[in-house]
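Taking it in order: structure first as structure tokens, then the write-up.
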Amino acid sequence: MGRPESVIFEGTGSCLRLDDGMVTVMRQGHVTVIASLRAVHHVDVEETGGWANVRLHITEEDDDGSTRITSYAVNSRNSTAAHAFRRVVTAAVEGARRDPEARLEVRRVEAPGWSRRKRRWMTVAAVYTCLAISGFAAGDTAAKASLILLHLGLAFLAGAWFFLRPPVVLAHRGITVRADVVRYHHTSQTVRPRYRYTTTDGDTITADSAIQLFRTHANDRVDVTYDPNRPEFVICRSESLGHQYAPGVLCAMLGLWWTLVSAAELIGTAAQALTQ
50 MGRPESVIFE
60 GTGSCLRLDD
70 GMVTVMRQGH
80 VTVIASLRAV
90 HHVDVEETGG
100 WANVRLHITE
110 EDDDGSTRIT
120 SYAVNSRNST
130 AAHAFRRVVT
140 AAVEGARRDP
150 EARLEVRRVE
160 APGWSRRKRR
170 WMTVAAVYTC
180 LAISGFAAGD
190 TAAKASLILL
200 HLGLAFLAGA
210 WFFLRPPVVL
220 AHRGITVRAD
230 VVRYHHTSQT
240 VRPRYRYTTT
250 DGDTITADSA
260 IQLFRTHAND
270 RVDVTYDPNR
280 PEFVICRSES
290 LGHQYAPGVL
300 CAMLGLWWTL
310 VSAAELIGTA
320 AQALTQ
């Protein structure tokens with residue numbers, strides 16, 4: 050019995066599709082990448098916490114003739130569909146590799162309009178502009194003080210993003226492997242280890258940790274988690290709890306407090322100015 054020529058794997062905000070000998074990556078309902086089966090390096094599935102993470106690895110050619118592998122991940126709770134997609138695409142890729150006329154072809158498609166991320170940032174910028182204008186237009190000391198506190202809150206939120214981004218990103222799509230600790234970069238209070246590890250694609254990477262630690266590792270070999278989209282983005286997740294989440298959560302709490310309090314005062318000032 051032959052395998053189907055078309056299969057679709059739908060996940061959270063994303064979709065992978067095999068149809069008519071081409072693999073398509075869709076984000077937010079828009080096609081972003083179209084690749085031939087010959088360009089597909091491999092497909093793997095990782096199940097964690099009830100979620101099935103399907104990674105489509107595509108070989109792309111640069112202008113200088115060199116090749117690189119780019120990964121596209123889609124998450125879903127439907128593990129059955131995830132493994133079915135992997136089996137069908139893997140079989141189709143093996144058939145394409147036996148075809149001497151199959152070509153390596155990858156085409157990127159620009160999504161129409163603004164992306165969801167850009168729309169969010171534009172909304173934040175518009176709200177901030179309105180609050181800033183209302184604060185300076187009021188002209189009183191309380192409004193200007195609230196505007197200063199708003200900037201303080203935003204600075205704390207930026208700090209929270211700096212601390213929390215590495216473990217959050219890697220918890221979402223990271224791959225864990227064993228690594229050698231090559232050396233440490235020492236500062237006055239912390240150390241930043243440098244790891245050497247081999248990715249699941251067989252590449253040997255030497256990279257500095259994305260986070261700083263309060264102490265050196267107890268062993269010269271540790272488990273590290275790297276981002277398959279950026280293999281040099283790596284942390285030791287077993288050491289990241291106290292080093293990353295604690296300062297990140299503290300910054301987030303302070304940032305939310307100052308931002309909400311100052312925003313409420315500025316909104317009240319603006320409403321009072323409009324009623325006069």
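Residue numbering for the sequence shown follows my numbering, starting at 50 and increasing by one per position. Ideal Cβ placement from N, Cα and C applies to all residues, glycine included. Computed from a predicted structure; not experimentally measured.
With H, G and I counted as helix, E and B as strand and the rest as coil, what does DSSP make of residue i?
i: Met50; result: With a pLDDT of 41 at Met50, under the threshold of 50, the modelled position of that residue is not reliable, and no figure is offered here.
i: Glu150; result: coil
i: Ser120; result: strand
i: Pro296; result: helix
i: Ala312; result: helix
i: Ala267; result: coil
i: Ala259; result: coil
i: Thr341; result: Lying before the first or after the last residue shown, residue 341 is absent from the chain, which here runs from 50 to 325.
i: Thr236; result: coil
i: Val158; result: coil
i: Pro216; result: helix
i: Trp195; result: Rather than Trp, the amino acid found at residue 195 in this sequence is Ser. Ser195 falls in the helix class under three-state DSSP.
i: Thr178; result: helix
i: Thr248; result: coil
i: Val92; result: strand
Got a sec, what are the start and stop residues for the alpha helix (DSSP H) residue i sits in?
i: His132; result: 128-147
Taking a contact to mean a Cβ-Cβ separation below 8 Å, would you say residue i touches residue j in this structure?
i: Ala151; j: Ser85; result: yes
i: Leu213; j: Pro242; result: no
i: Phe255; j: Tyr233; result: The residue you asked about is not Phe; residue 255 is Thr in the sequence shown. Cβ atoms of Thr255 and Tyr233: not closer than 8 Å.
i: Pro216; j: Ser120; result: no
i: Trp103; j: Val94; result: Here the sequence assigns Val to residue 103, which means Trp is not the residue at that position. Cβ distance < 8 Å, so Val103 and Val94 count as in contact.
i: Leu198; j: Ala301; result: no
i: Ser125; j: Gly223; result: no
i: Ser63; j: Met71; result: no
i: Val176; j: Leu67; result: no
i: Ala219; j: Ile260; result: Here residue 219 is Leu; the residue named in the question, Ala, does not match the sequence. Result no, Cβ atoms of Leu219 and Ile260 do not sit closer than 8 Å.
i: Phe58; j: Ala131; result: yes
i: Ala209; j: Gly98; result: no
i: Ala145; j: Arg87; result: yes
i: Ile118; j: Asp257; result: no
i: Thr225; j: Val273; result: yes
From the DSSP output, read off the bridge partner residues of residue i.
i: Trp100; result: Thr97
i: Pro242; result: Tyr233
Where do the N-terminal and C-terminal ends of the beta strand (DSSP E) with residue i fall, by residue?
i: Asp68; result: 63-68
i: Arg338; result: Given that the chain is displayed from residue 50 to residue 325, the structure contains no residue 338 and the question cannot be resolved.
i: Thr73; result: 71-76
i: Pro280; result: 279-284
(request) Evaluate contact between the segment 137-156 and the segment 100-113, counting only Cβ atoms and requiring at least three cross-stretch pairs below 8 Å. (result) yes
(request) Taking 8 Å as the threshold, find out whether the segment 257-277 comes into contact with the segment 229-237 through three or more Cβ pairs. (result) yes
(request) Kindly confirm or deny that the segment 305-314 and the segment 202-209 touch, where touching means at least three C-beta pairs closer than 8 Å. (result) yes
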